[in-house]
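Using our numbering, the letters of the sequence shown map in sequence onto residues 1272 to 1410.
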Amino acid sequence: MYPTLTKELDTRVQEFFSRPIAPHIPYLFVDASSFTVRDSVRYYTPAITRSAGIRTDGMREILGARIADCENERTWENLFSELKDRGLERVDLVISDGHRGIQSATGRSFLEVGVGLLRVVAGIERNVGRLDGRQSGLG
C-alpha cells in the first residue's frame, strides 16, 4: 500500500513541478530555508528553495521547490534555469531576502530583460499574511 501511494505522490509532485508556466511573471518571490538533517551518524544542513510568482492576471502561483546542498549562486542559477526551461521568459521584479547568490543569479539569468531586485527585510513577508482577515480573526 505505502509503496504504491508514495510512487503515485512522487509522480504527481514531479508533474506539478515540471508543468509549463506563463512566459511573463511580473513578480517572482524566491526564498530558501536551511534545516539540519541526520543521516545515520552524520548531520548536515541542506536548503529548501522556494519560488512563487504573481501572474499577469494577479493570481499567485507556486512555481517550484527544491532541496539543495546549500544556498549559493549556483543553486539560484539552477532554479532560474529550470523556470526558464518551463517557459518563463520575462520577470519584472524579483523579491527576495537579498542573499548575494540570489542577487548574482538574478543579474545573470535575467540580464537581457533588465529585471529589478527588491530586498525584503526578514519578517515582512510573514506579516503580510496578517493583513488577511481570515488570519486576524476579522473574517
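The beta-carbon is built from N, C-alpha and C at its ideal position, and this holds for glycine as well.
Spatial distance of residue i from residue j (CA atoms)
i: isoleucine 1292; j: phenylalanine 1351; result: 12 Å
i: threonine 1307; j: arginine 1321; result: 17 Å
i: threonine 1282; j: serine 1289; result: 11 Å
i: tyrosine 1273; j: aspartate 1328; result: 39 Å
i: cysteine 1341; j: threonine 1275; result: 31 Å
i: glutamate 1412; j: isoleucine 1325; result: The question about residue 1412 has no answer, for the chain in this structure spans 1272 to 1410.
i: tryptophan 1347; j: aspartate 1302; result: 10 Å
i: arginine 1309; j: threonine 1277; result: 22 Å
i: leucine 1334; j: arginine 1379; result: 20 Å
Distance between beta carbons of residue j and residue i, contact taken as under 8 Å
i: alanine 1336; j: phenylalanine 1300; result: Not really, about 12 Å apart at Cβ, beyond 8 Å.
i: glycine 1372; j: glutamate 1344; result: 4 Å
i: glycine 1358; j: proline 1294; result: 6 Å
Environment of residue i [buried if 16+ CB atoms lie within 10 Å]
i: serine 1304; result: exposed
i: leucine 1280; result: exposed
i: valine 1362; result: buried
i: phenylalanine 1381; result: buried
i: isoleucine 1338; result: exposed
i: threonine 1377; result: buried
Between the segment 1312-1321 and the segment 1362-1369, do three or more beta carbon pairs fall short of 8 Å?
no
Beta strand (DSSP E) runs wholly inside the segment 1307-1337, at least 3 long, in chain order
Positions of the beta strand (DSSP E) runs, each at least 3 residues long and wholly inside the segment 1307-1337, are given as 1308-1310, 1313-1315 and 1318-1325 in order along the chain.
List in chain order: all unbroken beta strand (DSSP E) runs of 3+ residues lying wholly within the segment 1340-1387.
1361-1367
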